[in-house]
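Contents: one structure, followed by commentary.
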Amino acid sequence: MSPTQPPTQPPTQAPPTATGRLTRRTGIPLLEFERTFRAPIDDVWDAVTEPERLERWIGTWTGDPATGRVTFRMTAEGDDVPDETIWVDVCKRPTRLVMRSMPPGEDAPWRWELTLAESDGVTTLTFAQEVTGAELALSVGPGWDYYLDRLVAAETGADVSAVDFADYEPALSEHYRRELRDGGLEV
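This is the structure we're talking about:
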């Protein structure tokens, strides 16, 4: 699988680019990110849902998604990250996945949506997270750029470990501060 656009963290180690945009659906603010891959939709779906492929760039899960929930463990953030329950609200292989979790210390659940569409051998992945507050957006914006760049690296055979979170936060936070302010949210 190869992206149709270079990853935002190219091999030359240039600074990453903030790619998330504030959008709204039915009045709910979302941070939305897009990546494209020169690959069939089923291959991209597997990269974001199969535990072995997911582990290469973000984490892994156990359990039976048919029950509506799995246990997710981050692997990109070290060994001391606790497991977390992820509820699977919608799973329509290979085009749509909607999930939520209740991270420790948060006041509201985190909700994510992945949509995939294929055209002429190119699959577009659109990832969106509901924005429940400005502080959340200022950290998850750079975080999702980081993880999605790791996905691109994993699927193109690049060195995933070369994608360094320290290059993303706080460097990309100002982009997200502007996105929120321009979108009418208090920052």
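Its first residue numbered 1, the sequence shown is counted upward by one per residue in UniProt numbering. Where a beta carbon is used, it is the ideal one built from N, C-alpha and C, also for glycine. Since the structure is predicted, the reported quantities are computational estimates derived from the model, not experimental observations.
Which residues does DSSP pair with residue i in a beta bridge?
i	result
G184	DSSP, once it has assigned bridges, lists no residue as partnering G184.
E130	L30
S101	I86, W110
L125	R35, L116
R24	P29
Measure the CB-CB distance between residue i and residue j and report whether it falls below 8 Å.
i	j	result
R53	L125	no
T123	L114	no
D145	A18	yes
In three-state DSSP terms, what is residue i?
i	result
E155	helix
V160	helix
E118	strand
T95	coil
V70	strand
P6	Residue confidence is low: P6 scores 48 on pLDDT, short of 50, so the model does not pin down where it sits. Its coordinate-derived value is still stated next. DSSP places P6 in coil when its eight states are reduced to three.
L172	coil
P11	Reliability fails at P11, whose pLDDT of 47 lies under 50, so the model's placement of it is uncertain and the value that follows must be treated cautiously. Note: P11 maps to coil in three-state DSSP.
D167	helix
A76	coil
V81	coil
Identify which residue in the options has its Cα closest to the Cα of residue i.
i	options	result
M99	D89, L116, E106	D89
residue 195	G157, E186, D149	No answer is possible for residue 195: it lies beyond the span of the chain, which begins at 1 and ends at 187.
A108	R181, V131, A154	V131
G133	E155, L151, G184, T115	G184
D182	T26, L31, T17, Y146	L31
Q129	L136, W112, R73	W112
P16	A162, R178, E179	A162
Ignoring anything shorter than 4 residues or poking outside the segment 32-65, list the alpha helix (DSSP H) runs there in chain order. Fully enclosed alpha helix (DSSP H) runs of 4 or longer: 41-49, 51-55.
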